[in-house]
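Residue numbers (this note's numbering): 740 to 954.
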Amino acid sequence: MKKDLSDYRKSYTKSALLESEVSDNPMELFQKWFYEIEKSGTTDEPNAMTISTLGLDGYPKGRVVLLKRYTYEGFIFYSNYRSEKGKAIDEDPRVCLSFFWPGMERQVIVKGEAEKISGNMSDGYFESRPTGSKLGAIVSNQSEVIPSREILEDQLEELEKEYDGKEIPRPDYWGGYLVRPVSIEFWQGRPNRLHDRLRYTLLEDYNWKIERLAP
Ligand SMILES: Cc1cc2nc3c(=O)[nH]c(=O)nc-3n(C[C@H](O)[C@H](O)[C@H](O)COP(=O)(O)O)c2cc1C
Numbered sequence: 740m741k742k743d744l745s746d747y748r749k750s751y752t753k754s755a756l757l758e759s760e761v762s763d764n765p766m767e768l769f770q771k772w773f774y775e776i777e778k779s780g781t782t783d784e785p786n787a788m789t790i791s792t793l794g795l796d797g798y799p800k801g802r803v804v805l806l807k808r809y810t811y812e813g814f815i816f817y818s819n820y821r822s823e824k825g826k827a828i829d830e831d832p833r834v835c836l837s838f839f840w841p842g843m844e845r846q847v848i849v850k851g852e853a854e855k856i857s858g859n860m861s862d863g864y865f866e867s868r869p870t871g872s873k874l875g876a877i878v879s880n881q882s883e884v885i886p887s888r889e890i891l892e893d894q895l896e897e898l899e900k901e902y903d904g905k906e907i908p909r910p911d912y913w914g915g916y917l918v919r920p921v922s923i924e925f926w927q928g929r930p931n932r933l934h935d936r937l938r939y940t941l942l943e944d945y946n947w948k949i950e951r952l953a954p
């Protein structure tokens, strides 16, 4: 049955976000929220995030990638350096990461600058991937136009033979990015659309300013 979209109405009641309860460092709050999402079991891939870049064609573009690590320095994900997002980041490293965790009625929005991580670190992660994912990274010229799916499957088959029993090296066009945040906004759904929004902004002395935003 078709539903009128304006009938989708939800009251957000699961939690609250108060200045008195948050850490001075946003990565600690991110960690707390991430653990809570994992523990709640409400999200299949809590590490799925949308990364938006400023495209070479002048349009912003968002797409989902998987967060693989976070530290006080920032957020790490892996991709093809020659992909559309890779080229966009080469040109302008300013990106936005966003997470939506409906199970806990939460959103996190990060603005920051992306930089390539060291080859050694990317090697370490590449090494940990299953064989199929390693070969997939080699086969796919991510974001290029291709004539058919068969081409990919044929190339994968060839590589499977070529690397049978051998170590698969990480291609130099594939690796990690670290996004160093300059601002992180935490959004917690609340009743009557009076949601909680706290924004951390990085100051020159590496401390963070915390401000409440109107919902
Ligand atoms: C759940 C999910 C996880 C994904 N994880 C990644 C990832 O970690 N790295 C990646 O390069 N692409 C990932 N993708 C594919 C990207 O969304 C995107 O199609 C690809 O990176 C090419 O984007 P681009 O052409 O804008 O560079 C994922 C897609 C989904 C839906």
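Here a beta-carbon is modelled for each residue, glycine too, at the ideal position from N, C-alpha and C.
Apply the 10 Å Cβ neighbour rule to residue i and answer buried if 16 or more other Cβ atoms are within range, or exposed otherwise.
{"i": "Gly797", "result": "exposed"}
{"i": "Asp935", "result": "buried"}
{"i": "Thr752", "result": "exposed"}
{"i": "Thr792", "result": "buried"}
{"i": "Gly825", "result": "buried"}
{"i": "Leu805", "result": "exposed"}
{"i": "Tyr937", "result": "For clarity, residue 937 is Leu in the given sequence; the question names Tyr instead. Classification of Leu937: buried, given that the 10 Å Cβ count is 16 or more."}
{"i": "Ser759", "result": "exposed"}
{"i": "Leu836", "result": "buried"}
{"i": "Leu933", "result": "exposed"}
What residues are listed by DSSP as bridge partners for residue i?
{"i": "Gly871", "result": "In DSSP, Gly871 forms no bridge with anything."}
{"i": "Phe925", "result": "Val847, Leu937"}
{"i": "Glu950", "result": "Arg938"}
{"i": "Lys855", "result": "Tyr916"}
Can you tell me which of the three DSSP states residue i falls into?
{"i": "Arg748", "result": "coil"}
{"i": "Gly863", "result": "helix"}
{"i": "Tyr774", "result": "helix"}
{"i": "Ser879", "result": "coil"}
{"i": "Ile725", "result": "Because residue 725 is not part of the residues shown, which for the chain are 740 to 954, the question remains open."}
{"i": "Glu943", "result": "coil"}
{"i": "Tyr753", "result": "Just to set this straight, residue 753 is Lys in the shown sequence, not Tyr. In the structure shown, Lys753 sits in coil (DSSP, three-state: anything other than H, G, I, E or B)."}
{"i": "Pro886", "result": "coil"}
{"i": "Asp893", "result": "helix"}
{"i": "Lys900", "result": "helix"}
{"i": "Ser779", "result": "helix"}
{"i": "Ser762", "result": "coil"}
- Mind pulling the beta strand (DSSP E) runs of 3 or more residues that sit fully within the stretch 782-853? The stretch 782-853 is shown to contain whole beta strand (DSSP E) runs of 3 or more residues at 787-793, 799-809, 814-819, 833-840, in chain order.
- Message: Whether or not the stretch 830-843 and the stretch 891-905 are in contact is what I'm after, with contact meaning three or more pairs of Cβ atoms, one per stretch, closer than 8 Å; do they touch?
- Response: No, the stretch 891-905 does not touch the stretch 830-843.
- Task: Count the C-beta pairs between the stretch 910-927 and the stretch 809-819 that are closer than 8 Å, then say yes if the count reaches three, no if not.
- Result: As far as the Cβ criterion goes, the stretch 910-927 touches the stretch 809-819, which means the pair count is three or higher.
- Message: Would you call the stretch 864-884 in contact with the stretch 906-914, where contact means no fewer than 3 C-beta pairs closer than 8 Å?
- Response: yes
- Query: Do the stretch 837-856 and the stretch 898-906 touch if we need at least three Cβ pairs shorter than 8 Å?
  - Reply: no
- Answer yes if the stretch 873-885 comes into contact with the stretch 846-853, meaning at least three C-beta pairs across the two stretches below 8 Å, and no otherwise. Result no; under three Cβ-Cβ pairs closer than 8 Å.
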